[in-house]
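Colleague: Okay, here's the structure, questions in a sec.
Structure representation (C-alpha coordinates):
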(Lines of atoms letter the chains of each structure in order from A and count residues from 1; the text may use other names and numbers.)
(Lines give C-alpha, C1' and ligand atoms only; values in the text may rest on other atoms or scores of the structure.)
Protein backbone atom coordinates (compact mmCIF):
# COMPACT_ATOMS: atom_id res chain seq x y z
CA UNK A 1 0.00 0.00 0.00
CA UNK A 2 1.09 3.58 -0.63
CA UNK A 3 3.01 5.68 1.89
CA UNK A 4 0.76 7.63 4.23
CA UNK A 5 2.71 10.89 4.04
CA UNK A 6 3.07 12.81 0.78
CA UNK A 7 5.13 15.97 0.42
CA UNK A 8 3.74 18.35 -2.21
CA UNK A 9 6.61 20.58 -3.29
CA UNK A 10 6.81 24.36 -2.95
CA UNK A 11 9.09 27.03 -4.35
CA UNK A 12 8.97 29.91 -6.84
CA UNK A 13 12.20 28.97 -8.63
CA UNK A 14 13.95 25.78 -9.68
CA UNK A 15 16.52 26.38 -6.94
CA UNK A 16 13.86 26.83 -4.21
CA UNK A 17 11.97 23.75 -5.35
CA UNK A 18 15.12 21.65 -5.47
CA UNK A 19 16.21 22.81 -2.02
CA UNK A 20 12.80 22.20 -0.43
CA UNK A 21 12.44 18.73 -1.95
CA UNK A 22 15.98 17.75 -0.99
CA UNK A 23 15.29 18.89 2.58
CA UNK A 24 12.06 16.88 2.73
CA UNK A 25 13.81 13.76 1.44
CA UNK A 26 16.77 14.21 3.75
CA UNK A 27 14.45 14.55 6.74
CA UNK A 28 12.43 11.43 6.08
CA UNK A 29 9.76 11.99 3.40
CA UNK A 30 9.58 9.09 0.97
CA UNK A 31 6.81 10.31 -1.35
CA UNK A 32 7.37 13.48 -3.37
CA UNK A 33 4.75 15.15 -5.55
CA UNK A 34 6.45 17.74 -7.75
CA UNK A 35 4.15 20.75 -8.10
CA UNK A 36 5.62 23.74 -9.92
CA UNK A 37 2.81 25.63 -11.63
CA UNK A 38 4.47 28.89 -12.67
CA UNK A 39 7.38 27.49 -14.63
CA UNK A 40 8.56 27.24 -18.20
CA UNK A 41 8.74 23.85 -19.93
CA UNK A 42 12.54 23.93 -19.69
CA UNK A 43 12.48 24.80 -15.96
CA UNK A 44 10.01 22.01 -15.27
CA UNK A 45 12.00 19.45 -17.24
CA UNK A 46 15.29 20.47 -15.59
CA UNK A 47 13.78 20.28 -12.11
CA UNK A 48 11.89 17.04 -12.71
CA UNK A 49 14.99 15.36 -14.09
CA UNK A 50 16.98 16.35 -10.98
CA UNK A 51 14.19 15.27 -8.61
CA UNK A 52 13.89 11.89 -10.28
CA UNK A 53 17.58 11.23 -9.59
CA UNK A 54 17.18 12.39 -5.99
CA UNK A 55 14.12 10.20 -5.42
CA UNK A 56 15.99 7.19 -6.81
CA UNK A 57 18.84 7.87 -4.36
CA UNK A 58 16.43 8.11 -1.42
CA UNK A 59 14.22 5.22 -2.64
CA UNK A 60 11.27 7.62 -2.67
CA UNK A 61 8.15 7.60 -4.82
CA UNK A 62 8.22 10.38 -7.45
CA UNK A 63 4.90 11.79 -8.67
CA UNK A 64 4.57 14.71 -11.09
CA UNK A 65 1.61 17.02 -10.72
CA UNK A 66 -0.39 17.71 -13.84
CA UNK A 67 2.13 16.88 -16.57
CA UNK A 68 1.42 13.39 -17.93
CA UNK A 69 3.75 13.69 -20.91
CA UNK A 70 6.68 14.72 -18.72
CA UNK A 71 5.97 11.80 -16.37
CA UNK A 72 6.00 9.50 -19.38
CA UNK A 73 9.20 11.04 -20.77
CA UNK A 74 11.11 10.75 -17.47
CA UNK A 75 9.56 7.43 -16.43
CA UNK A 76 8.33 8.89 -13.14
CA UNK A 77 6.40 6.69 -10.74
CA UNK A 78 3.17 8.44 -11.67
CA UNK A 79 1.12 11.61 -11.90
CA UNK A 80 -1.41 13.53 -9.86
CA UNK A 81 -4.21 15.12 -11.87
CA UNK A 82 -6.51 17.98 -10.92
CA UNK A 83 -10.15 18.20 -11.93
CA UNK A 84 -9.30 20.40 -14.93
CA UNK A 85 -6.25 18.38 -16.05
CA UNK A 86 -6.07 15.47 -18.48
CA UNK A 87 -8.72 12.80 -17.85
CA UNK A 88 -7.48 9.89 -15.76
CA UNK A 89 -8.57 7.34 -18.36
CA UNK A 90 -6.52 9.14 -21.02
CA UNK A 91 -3.49 9.33 -18.73
CA UNK A 92 -3.83 5.61 -18.01
CA UNK A 93 -3.71 4.86 -21.73
CA UNK A 94 -0.47 6.84 -22.05
CA UNK A 95 1.25 5.65 -18.86
CA UNK A 96 0.06 2.05 -18.65
CA UNK A 97 -1.23 -0.04 -15.77
CA UNK A 98 1.90 -0.02 -13.60
CA UNK A 99 2.11 3.75 -13.00
CA UNK A 100 0.39 5.51 -10.09
CA UNK A 101 -2.35 7.97 -11.06
CA UNK A 102 -3.90 10.12 -8.35
CA UNK A 103 -6.83 12.47 -8.74
CA UNK A 104 -7.98 15.57 -6.90
CA UNK A 105 -11.52 15.51 -5.48
CA UNK A 106 -13.70 17.96 -3.60
CA UNK A 107 -16.98 16.01 -3.64
CA UNK A 108 -18.22 12.43 -3.55
CA UNK A 109 -19.23 12.82 -7.20
CA UNK A 110 -15.60 13.60 -8.08
CA UNK A 111 -14.54 10.37 -6.38
CA UNK A 112 -17.09 8.30 -8.31
CA UNK A 113 -15.78 9.83 -11.55
CA UNK A 114 -12.17 8.98 -10.63
CA UNK A 115 -13.04 5.46 -9.47
CA UNK A 116 -14.77 4.75 -12.78
CA UNK A 117 -11.63 5.85 -14.64
CA UNK A 118 -9.26 3.48 -12.82
CA UNK A 119 -7.68 6.02 -10.47
CA UNK A 120 -5.20 4.71 -7.85
CA UNK A 121 -5.72 7.21 -5.03
CA UNK A 122 -7.68 10.34 -4.20
CA UNK A 123 -6.38 13.68 -2.93
CA UNK A 124 -9.50 14.95 -1.14
CA UNK A 125 -9.68 18.52 0.03
CA UNK A 126 -9.20 21.16 1.03
CA UNK A 127 -9.42 20.35 4.73
CA UNK A 128 -9.22 24.05 5.59
CA UNK A 129 -8.21 27.29 3.90
CA UNK A 130 -4.69 27.27 2.50
CA UNK A 131 -2.66 29.87 0.63
CA UNK A 132 -0.70 27.16 -1.20
CA UNK A 133 -3.32 26.76 -3.92
CA UNK A 134 -5.09 29.37 -6.01
CA UNK A 135 -8.77 28.92 -6.95
CA UNK A 136 -9.45 26.90 -3.82
CA UNK A 137 -12.42 24.52 -3.83
CA UNK A 138 -14.99 24.70 -0.99
CA UNK A 139 -13.41 23.82 2.36
CA UNK A 140 -14.54 20.39 3.64
CA UNK A 141 -13.55 20.37 7.29
CA UNK A 142 -13.70 17.18 9.34
CA UNK A 143 -17.45 16.77 8.84
CA UNK A 144 -17.00 16.88 5.07
CA UNK A 145 -14.43 14.09 5.19
CA UNK A 146 -16.62 11.99 7.46
CA UNK A 147 -19.60 12.36 5.14
CA UNK A 148 -17.69 11.56 1.94
CA UNK A 149 -15.78 8.61 3.42
CA UNK A 150 -19.03 7.18 4.79
CA UNK A 151 -20.57 7.37 1.31
CA UNK A 152 -17.51 5.65 -0.15
CA UNK A 153 -17.90 2.83 2.35
CA UNK A 154 -21.60 2.47 1.52
CA UNK A 155 -20.78 2.27 -2.20
CA UNK A 156 -17.84 -0.14 -1.65
CA UNK A 157 -15.32 2.32 -3.08
CA UNK A 158 -12.00 1.38 -1.49
CA UNK A 159 -9.60 3.89 -3.06
CA UNK A 160 -6.99 5.28 -0.64
CA UNK A 161 -7.91 8.86 0.30
CA UNK A 162 -5.34 11.50 1.22
CA UNK A 163 -6.48 14.60 3.09
CA UNK A 164 -4.93 17.81 1.80
CA UNK A 165 -5.15 21.52 2.46
CA UNK A 166 -3.89 23.40 5.49
CA UNK A 167 -3.37 20.30 7.64
CA UNK A 168 -1.52 20.75 10.94
CA UNK A 169 0.06 18.16 13.22
CA UNK A 170 -2.89 18.23 15.63
CA UNK A 171 -5.33 17.39 12.81
CA UNK A 172 -3.79 14.07 11.86
CA UNK A 173 -5.36 11.77 14.45
CA UNK A 174 -8.92 12.94 13.82
CA UNK A 175 -8.45 12.62 10.05
CA UNK A 176 -7.10 9.08 10.38
CA UNK A 177 -9.96 8.22 12.75
CA UNK A 178 -12.53 9.25 10.14
CA UNK A 179 -10.97 6.93 7.56
CA UNK A 180 -8.41 8.69 5.40
CA UNK A 181 -5.42 6.61 4.29
CA UNK A 182 -2.92 9.43 4.65
CA UNK A 183 -2.19 13.12 4.28
CA UNK A 184 -0.55 15.35 1.69
CA UNK A 185 1.45 18.18 3.25
CA UNK A 186 3.08 21.20 1.66
CA UNK A 187 3.54 24.40 3.68
CA UNK A 188 3.78 22.75 7.10
CA UNK A 189 6.85 20.74 6.08
CA UNK A 190 8.41 23.43 3.88
CA UNK A 191 8.43 26.11 6.57
CA UNK A 192 9.00 24.02 9.70
CA UNK A 193 12.27 24.78 11.53
CA UNK A 194 12.67 21.17 12.70
CA UNK A 195 11.60 19.09 9.73
CA UNK A 196 13.01 15.76 10.87
CA UNK A 197 11.25 16.01 14.23
CA UNK A 198 8.00 17.01 12.51
CA UNK A 199 8.11 14.18 9.97
CA UNK A 200 8.78 11.64 12.74
CA UNK A 201 5.77 12.98 14.65
CA UNK A 202 3.56 12.92 11.55
CA UNK A 203 4.50 9.33 10.78
CA UNK A 204 3.94 8.25 14.39
CA UNK A 205 0.38 9.56 14.18
CA UNK A 206 -0.22 8.17 10.68
CA UNK A 207 1.02 4.66 11.44
CA UNK A 208 -0.25 4.38 15.04
CA UNK A 209 -2.70 1.52 14.37
CA UNK A 210 -0.45 -0.61 12.16
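Numbering (the working numbering), first residue to last: 108 to 317. C-beta: ideal position from N, C-alpha, C; glycine also.
For the alpha helix (DSSP H) containing residue 251, list its first residue and its last residue.
Modeller: Mapped onto the chain shown, residue 251 falls at position 144. Counting along the chain, the alpha helix (DSSP H) containing residue 251 begins and ends at 248 to 261.
Colleague: Run through the stretch 153 to 232 for me and flag every whole beta strand (DSSP E) of 3 or more residues, listed as ranges in chain order.
Modeller: With a minimum length of 3 residues, the continuous beta strand (DSSP E) runs that stay inside the stretch 153 to 232 are 168 to 172, 185 to 188, 207 to 212, 228 to 231.
Colleague: Given that a residue counts as buried once 16 or more other Cβ atoms are within 10 Å of its Cβ, and exposed if not, what is residue 314?
Modeller: Sequence index remark: in the chain shown, residue 314 carries index 207 (1-based). With fewer than 16 other Cβ atoms within 10 Å, it is exposed.
Colleague: Under 8 Å, do residue 210 and residue 270 count as touching if we go by C-beta distance?
Modeller: Taking the first residue of the chain shown as 1, we reach residue 210 at position 103. Taking the first residue of the chain shown as 1, we reach residue 270 at position 163. Against a cut-off of 8 Å, the Cβ pair of residue 270 and residue 210 comes out as no contact.
Colleague: Is it the case that the Cβ atoms of residue 154 and residue 173 are separated by a distance below 8 Å?
Modeller: Position 47 of the chain shown holds residue 154. Position 66 of the chain shown holds residue 173. Not a contact, by the Cβ cut-off of 8 Å.
Colleague: Give a single yes or no on whether residue 121 has its beta carbon closer than 7 Å to a heavy atom of the ligand ADP.
Modeller: Judged by which ligands are present, the structure shown has none, so any question about the ligand ADP falls away.
Colleague: At a cut of 8 Å, does the stretch 120 to 134 reach the stretch 295 to 310 through at least three beta carbon pairs?
Modeller: The stretch 120 to 134 is in contact with the stretch 295 to 310.
Colleague: Determine whether the beta carbon atoms of residue 264 and residue 135 lie at a separation below 8 Å.
Modeller: Within the chain shown, residue 264 is the residue found at index 157, counting from 1. Within the chain shown, residue 135 is the residue found at index 28, counting from 1. Not closer than 8 Å, so no.
Colleague: Would residue 200 and residue 177 be called neighbours here (beta carbons separated by less than 8 Å)?
Modeller: The residue you call residue 200 lines up with position 93 of the chain shown. The residue you call residue 177 lines up with position 70 of the chain shown. No, the Cβ-Cβ distance between residue 200 and residue 177 is not below 8 Å.
Colleague: Spell out the partners DSSP gives residue 139 in its beta bridges.
Modeller: For the purposes of this step, residue 139 is identified with residue 32 of the chain shown, where counting begins at 1. Per DSSP, 114, 169.
Colleague: Can you have a look at residue 203 and say buried or exposed, based on whether 16 or more other CB atoms are within 10 angstroms of its CB?
Modeller: Position 96 of the chain shown, counted from the first residue, corresponds to residue 203. Looking at its Cβ environment, which holds fewer than 16 other Cβ atoms inside 10 Å, residue 203 is exposed.
Colleague: What whole-angstrom Cβ distance do residue 170 and residue 184 have, given they're in contact under 8 Å?
Modeller: Taking the chain shown and counting its residues from 1, one reaches residue 170 at position 63. Taking the chain shown and counting its residues from 1, one reaches residue 184 at position 77. Correct: roughly 6 Å between the Cβ atoms.
Colleague: For the alpha helix (DSSP H) holding residue 92, just list the boundary residues, first then last.
Modeller: Since the displayed the chain opens at 108 and closes at 317, residue 92 lies outside it and no answer follows.
Colleague: So, with DSSP's three-state summary, where would you put residue 287?
Modeller: Numbered from 1 along the chain shown, position 180 holds the residue referred to as residue 287. In the structure shown, residue 287 sits in coil (DSSP, three-state: anything other than H, G, I, E or B).
Colleague: By Cβ distance below 6 Å, which residues in the same chain neighbour residue 115 in space, the five residues on each side in sequence not counted?
Modeller: To locate residue 115, count along the chain shown from 1; it is residue 8. Cβ neighbours of residue 115 beyond the five flanking positions: 140, 142, 291, 293.
Colleague: Just verifying my parser: in three-state terms, what is the DSSP assignment at residue 296?
Modeller: Taking the first residue of the chain shown as position 1, residue 296 is located at position 189. Residue 296: helix per DSSP, three-state reduction.
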